[in-house]
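Asker: When we follow the numbering used here, the leftmost residue of the first sequence carries the number 64, and every step to the right adds one.
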Amino acid sequence: MHLYEEQKIQIYNTLSGKKEVFKPIQDGYVGMYVCGPTVYSNVHLGNVRTFMSFDMVFRYLKHLGYKVRYVRNITDAGHLENDADVGEDKITKKARLEQIEPMEVVQRYTVDFHNILKTLNFLPPSIEPTATGHIIEQIELIKMIIDNGFAYEVNGSVYFDVHKFNENHDYGILSKRNLEDLIHNTRALDGQSDKKNPQDFALWKRAEPQHIMRWPSPWSDGFPGWHLECTAMSTKYLGDNFDIHGGGMDLKFPHHECEIAQSEAAKKQAPVNYWMHANMLHLNGQRMSKSTGNVVNPNELLSGENTFFSKAFAPSVIRFFNAQSSYRSVLDLTDDGLLASEKGFFRLMDAINVLEELKAGDSSTFDVSEWRRKCYDAMNDDFNSPILIAHLFEAAKQINQIKDGNASLAPKDLELLKKTMNDFTFDVLGLVNVSKADTGTDKLAGAVELLIELRQQARANKDFALSDKIRDDLAAKGIQLNDGKDGTTFTTN
RNA sequence: GACAAGGUGGCCGAAUUGGUUAAGGCGUCAGUCUGCAAAACUGAUCUUUAUGAGUUCAAAUCUCAUCCUUGUCUCCA
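#1: Give the straight-line distance between the Cα atoms of F264 and T298, rounded to the nearest whole angstrom.
#2: Can you tell me which of the three DSSP states S220 falls into?
#3: Quick check on the DSSP output: the beta strand (DSSP E) that includes W267 runs from which residue to which?
#4: Closer than 8 Å by C-beta to H318: which residues in its own chain qualify, once you throw out the five before and the five after it? Chain order, please.
#5: At which residue ranges does the stretch 337 to 422 contain complete alpha helix (DSSP H) runs of 4 or more residues, listed in the order of the chain?
#6: Could I get the ranges of all uninterrupted alpha helix (DSSP H) runs contained in the stretch 170 to 223, with 4 residues as the minimum, in chain order?
#7: For L451, does the three-state DSSP call read helix, strand or coil?
#8: So the beta strand (DSSP E) N545 belongs to, where does it begin and stop?
#9: What whole-angstrom Cβ distance do I74 and M339 have, given they're in contact under 8 Å?
#10: If distances are taken between C-alpha atoms only, which option among D486, K540 and R132 comes closest to Y507?
#11: When you compare only the Cα positions, how much space is there between T483 and R435?
#12: Under the three-state reduction of DSSP, which class applies to K437: helix, strand or coil?
#13: Taking the DSSP output, what are the residues bridged to E68?
#14: Buried or exposed: S561, going by 16 or more other Cβ atoms within 10 Å of its Cβ?
#15: Taking the alpha helix (DSSP H) that D118 falls in, what are its first and last residues?
#16: Whose C-beta lies closer than 8 Å to the C-beta of L455 among residues of the same chain, with five residues either side of it excluded?
#17: With a threshold of 8 Å on Cβ separation, who are the neighbours of V134 within its own chain once the five nearest residues in sequence on each side are excluded?
#18: Apply the 10 Å Cβ neighbour rule to L66 and answer buried if 16 or more other Cβ atoms are within range, or exposed otherwise.
#19: Which residues in the same chain as L401 place their Cβ atom closer than 7 Å to its Cβ, once the five residues preceding and following it in sequence are excluded?
#20: Got a sec, what are the start and stop residues for the alpha helix (DSSP H) F228 sits in?
#21: If you count every other CB in all the chains shown that lies within 10 Å of the CB of T355, and 16 or more means buried, which is it?
#22: Q332 by DSSP, collapsed to three states: which one?
#23: Less than 8 Å separating the beta-carbons of V417 and L472?
#24: Could you give the residue range of the alpha helix (DSSP H) that holds Y300?
#25: Mind reading off the beta-carbon distance from V168 to I179? Whole number of angstroms is fine, and I expect it under 8 Å.
#26: For E83, report the span of its alpha helix (DSSP H) as first-last.
#27: Please identify the residue among W267, L314, Q89 and N545 whose C-alpha is closest to the C-alpha of P281.
#28: What three-state label does DSSP hand H319 in the structure shown?
#29: What distance in whole Å lies between the Cβ atoms of A414 and N463, which are believed to be in contact at a cut-off of 8 Å?
#30: Nearest to D233 by alpha carbon, out of F223, H177 and E320?
#31: Kindly give me the distance between the Cβ atoms of Y390 and A453, rounded to whole angstroms, as I take these residues to be in contact under 8 Å.
#32: Identify, in the order they occur along the chain, each residue of the same chain with its Cβ nearer than 8 Å to the Cβ of L314, setting aside the five sequence neighbours on each side.
#33: From which residue to which residue does the alpha helix (DSSP H) around T77 run?
#34: What does the alpha-carbon distance come out to for the pair A538 and A528?
#35: Tell me whether V174 is buried or exposed, calling it buried when 16 or more other Cβ atoms sit within 10 Å of its Cβ.
#36: Along the chain, where does the alpha helix (DSSP H) containing K481 start, and where does it finish?
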């Protein structure tokens with residue numbers, strides 16, 4: 064018996080605009096694809112939010128016992144700088160600026176990307192394919208689309224014929240647009256395009272002589288169009304029709320719309336059953352933008368070396384902050400917001416640490432089964448992690464009451480509470496128990512304990528001037544003493 | 001300009017297929033603890049849901065208008 068047989072998930076499907084009961088194509092198996100980063104610069108914090116949301120989705124599906132194949136690509140080629148046949152993609156441009164090989168740029172930022180995700184406790188995807196590793200598949204796809212009459216070649220480049228496609232398909236089905244509106248609103252280009260219509264998009268681009276990244280093809284030495292990469296890699300590893308495709312809201316159009324068109328044109332079927340889109344991350348109420356300087360990168364957020372935040376934040380605090388809002392809402396990153404999340408996070412961790420020490424009683428004053436059901440209901444409702452967290456805090460309150468002797472749990476219920484708390488906090492939300500009671504090195508602990516002892520003596524002698532001096536001087540060094548019933552402990556920050 | 005998504009307490013954020021007292025966190029106040037604090041725990045506190053109309057027995061939730069924010073329309077998570 065797998066958990067997924069009793070827990071029915073509802074997913075908000077962008078395609079239909081409503082929540083739908085999730086039913087995988089193959090019972091017990093889930094294929095999920097998420098558009099990965101373009102590795103031409105440091106990964107964007109907003110990018111990280113999207114991946115973090117899907118990391119949680121991945122984790123929850125796995126928790127329910129699904130066998131999940133999670134594919135997240137690395138885009139290492141083929142992003143056109145613009146549409147006007149300049150023939151220089153972002154990776155090439157960066158390489159020229161920095162005087163290094165394109166693949167060196169790719170390598171550097173791929174490593175950087177992986178480091179950040181590891182720090183933030185991401186689970187690695189099942190497959191992480193690169194665009195440059197799938198040129199052959201992309202060429203094959205283009206051939207199919209041409210054979211089916213939905214693409215044309217001009218001067219060594221191949222374009223998708225959107226108008227032709229729209230005659231008996233719906234271009235705009237995902238983004239809720241129609242071609243007439245698009246025609247109306249497409250800005251006039253300089254007229255040097257080979258395209259029949261401005262709405263057409265490139266499947267293959269002929270490389271100009273100065274273009275370094277290039278591959279042979281039946282049409283020209285060139286490189287694949289951006290939208291095609293994801294279609295090639297997703298269908299190769301997940302099949303022509305798979306369960307979940309995710310990405311940032313801003314990829315809905317044109318990128319995902321084009322993926323649908325390409326699949327329909329090549330394979331004559333819709334590629335994806337559930338389209339999921341994560342919403343944007345703002346910084347202090349404004350969109351993040353390199354040009355206005357309203358941007359902070361993940362490393363700067365973690366290290367505290369930035370001008371936006373008052374301190375460094377632990378990776379789990381960032382995860383917790385993200386999980387406190389719905390993946391479908393715009394989330395505003397602010398100092399106040401992070402500080403509030405930090406306090407809440409530590410409160411939850413404290414409760415979990417207390418839980419480990421808790422002794423069972425004769426009977427239960429708290430309905431753990433009912434509470435557990437509510438936790439699952441929350442996640443089943445389109446991965447509503449904020450509600451889940453609200454329930455976790457409810458449990459935290461119960462835990463503290465048991466500790467104080469004002470409530471109790473029978474052994475069986477206590478075990479269920481422990482398991483459920485750990486499952487959701489660590490497995491599903493991906494938080495790491497960095498206890499605030501982290502006492503640093505043993506040497507430090509020994510020294511501080513000596514001071515605590517001295518202070519204890521001073522207090523016993525009512526020498527409060529000395530005891531307060533010890534307390535205040537330690538506090539000034541970032542060591543805080545916590546007086547409790549059973550003596551004094553300390554925490555560092 | 002077109003299309004799309006939103007505007008909820010001091011702050012962050014749930015609920016938006018209309019229906020018990022609008023989750024939870026932070027903050028604030030009080031209590032317990034303490035020599036006094038801090039920390040921790042317990043309890044309490046605040047909104048009537050951008051604005052203005054409308055539909056309904058009933059609206060944060062539906063409709064219309066206005067204002068504002070954001071996304072897409074060219075590469076972008």
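C-beta: ideal position from N, C-alpha, C; glycine also.
Answerer: With the structure as the only source:
#1: 20 Å
#2: strand
#3: F264 to R269
#4: C98, W289, H290, C293 and G310
#5: 361 to 366, 378 to 386 and 398 to 420
#6: 198 to 210
#7: helix
#8: I542 to G547
#9: 6 Å
#10: Inspection of the sequence shows that residue 507 is occupied by Leu rather than by Tyr. Residue K540 is the option with its Cα nearest to L507.
#11: 7 Å
#12: helix
#13: Paired residue(s): none; E68 is not in a bridge.
#14: Residue 561 cannot be examined here, being either before or after the span of the chain that is shown, 64 to 556.
#15: L108 to H126
#16: L411, C438, M484, F487 and T488
#17: G94, M95, Y96, V97, P188, S189, I190, E191, P192, M296, S297, Y300 and L301
#18: exposed
#19: F372, F376, V380 and F384
#20: V225 to N231
#21: exposed
#22: coil
#23: no
#24: W289 to L301
#25: Wrong, their Cβ atoms sit about 17 Å apart, outside the cutoff.
#26: That residue, E83, is in no alpha helix (DSSP H); its beta strand (DSSP E) goes K81 to V84.
#27: W267
#28: helix
#29: 6 Å
#30: E320
#31: With 8 Å as the limit, Y390 and A453 do not qualify as a contact, their Cβ atoms being about 16 Å apart.
#32: C98 and H340
#33: Run containing T77: none; DSSP gives neither H nor E here.
#34: 15 Å
#35: exposed
#36: P474 to N485
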